[in-house]
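Counting in the UniProt record's numbering, the sequence shown tops out at residue 203, every number present. Note that beta-carbon positions come from the ideal geometry of N, C-alpha and C, so glycine has one too. For clarity, every value in this text was computed on a predicted model and none was experimentally measured.
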Amino acid sequence: MSPRKSAAEAQQTRERILERSVEVASLEGLDGLTIGRLATDLGLSKSGLLGHFGTKEALQLAALERASGMFSREVWHPASGTRPGLPRLRAICTAWISYLERGVFPGGCLFTSATFEYDGRTGPVRDLLRRQFTAWRHRLNSDIRTAVKAGDLPGDTEPDQVVFELNGVLMSLNHALQLYADPVAAERARRSVSRLLGTAPPD
């Protein structure tokens, strides 16, 4: 076997592990990611799986990074070409609601469940989650400030408060979809976003 082929096969195996890890974590939590469980699911040896990640914690961190890329593709990228400020905020919320409605992660938003799982702990997994959420909050905050400067939102708008409430609405939507399979939850979220941003409900 050529070194190039061997490296390509190793990368394919790593991708399979990460794909399954994200699925398991969304359904059973990051603590559900065990080397033995994944090795059995994927028909790999434990030593073979450990060769890719080394430890359970390294696997959890890699799964969160993969999930972050998926979230960006689903929520940020569709809105990234929209004019900064209120138009982009509306586009982000439209994509964010759609991402939850369509069940991109089989067990609902991985970041929402991981936050509940790890917010009271210490260590690298919590630290990464905090950095990911902080980066997202800053991105929303920036567009809110731009919207205020443009006069699209009232001058006394508190960006941090709007970010807090937007996150609350979308976390609540995830909860309503996953726990209750609420058929009107997405529309409730759209109405809440409309009130927060002072606009017509996003499509």
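Review point. Among residues of its own chain, excluding the 5 on either side of Pro-84, which ones have a beta-carbon nearer than 7 Å to its beta-carbon?
Key: Short of 7 Å from the beta carbon of Pro-84, and not among the five residues preceding or following it, lie these beta carbons of its own chain, in chain order: Asp-143 and Thr-146.
Review point. In three-state DSSP terms, what is Leu-170?
Key: Helix at Leu-170.
Exercise for review: Determine the contact status of Met-70 and Val-22, defining contact as a CB-CB distance below 9 Å.
Suggested key: It is a contact, given that the beta carbons lie within the stated cut-off.
**Study point:** Three-state secondary structure assigned by DSSP to Pro-64
**Key:** Here the sequence assigns Leu to residue 64, which means Pro is not the residue at that position. Helix at Leu-64.
Point to revise | Per-residue DSSP class, three states only, for Ala-25 | key: Ala-25: helix per DSSP, three-state reduction.
Check your understanding: Would you call Val-184 buried or exposed, if buried means 16 or more other Cβ atoms sit within 10 Å of its Cβ?
Key -> Val-184 comes out exposed.
Check your understanding: Can you name, in chain order, every residue of its own chain whose Cβ lies under 7 Å from the Cβ of Ser-45, other than the five neighbours on each side?
Key -> Here the set comprises Ala-39.
Point to revise | Opening and closing residue of the alpha helix (DSSP H) in which Cys-109 lies | key: In this chain, Cys-109 is not harboured by any alpha helix (DSSP H), its DSSP state being neither H nor E.
Exercise for review: Please look up how many angstroms separate the CB atoms of Ala-91 and Pro-78, rounded, as I've assumed it's under 8 Å.
Suggested key: That pair is a contact at about 7 Å.
Review point. Are the stretch 93 to 102 and the stretch 6 to 19 touching by the rule of at least three beta carbon pairs closer than 8 Å?
Key: With the rule of 3 Cβ pairs closer than 8 Å, the stretch 93 to 102 does not count as touching the stretch 6 to 19.
Check your understanding: When we look at the beta-carbon of Ser-113 and count the other beta-carbons within 10 Å, is it buried (16 or more) or exposed?
Key -> With 16 or more Cβ atoms within 10 Å of its Cβ, Ser-113 is classed as buried.
Point to revise | Distance between beta carbons of Leu-166 and Leu-100, contact taken as under 8 Å | key: Contact between Leu-100 and Leu-166 is ruled out by a C-beta separation of about 13 Å, above the 8 Å threshold.
Point to revise | Own chain residues within Cβ distance below 8 Å of Leu-30, not counting five before or after | key: Around Leu-30: Gln-60, Ala-63, Leu-64, Ala-114, Glu-117, Tyr-118 and Val-125.
Point to revise | Residue range of the alpha helix (DSSP H) that includes Arg-121 | key: For Arg-121, no alpha helix (DSSP H) segment is defined, and its DSSP state is neither H nor E.
**Study point:** Proximity of Arg-141 and Asp-160 at Cβ, strictly below 9 Å
**Key:** In the sequence under discussion, the amino acid at residue 141 is Asn, which differs from the Arg named in the question. Yes. Within cutoff.
Exercise for review: Have a look at Arg-195 and Glu-28 and give me their C-alpha separation to the nearest angstrom.
Suggested key: Cα to Cα, Arg-195 sits roughly 34 Å from Glu-28.
Check your understanding: If you run the structure through DSSP and keep just helix, strand and coil, what is Asp-152?
Key -> In the structure shown, the three-state DSSP call for Asp-152 is coil.
Point to revise | Close Cβ partners of Gly-108 (< 6 Å) along its chain, the five nearest in sequence each way excluded | key: Excluding sequence neighbours, Gly-108 sits near Asn-174 and Gln-178.
Check your understanding: Which residues in the same chain have their Cβ closer than 6 Å to the Cβ of Arg-102, if we skip the five residues on either side of it in sequence?
Key -> Contacts found: none.
Exercise for review: Return the chain-ordered list of same chain residues with a C-beta closer than 8 Å to the C-beta of Ala-8, the five sequence neighbours on each side being excluded.
Suggested key: If we look at Ala-8 and ignore the five residues flanking it on each side, it has no Cβ neighbours.
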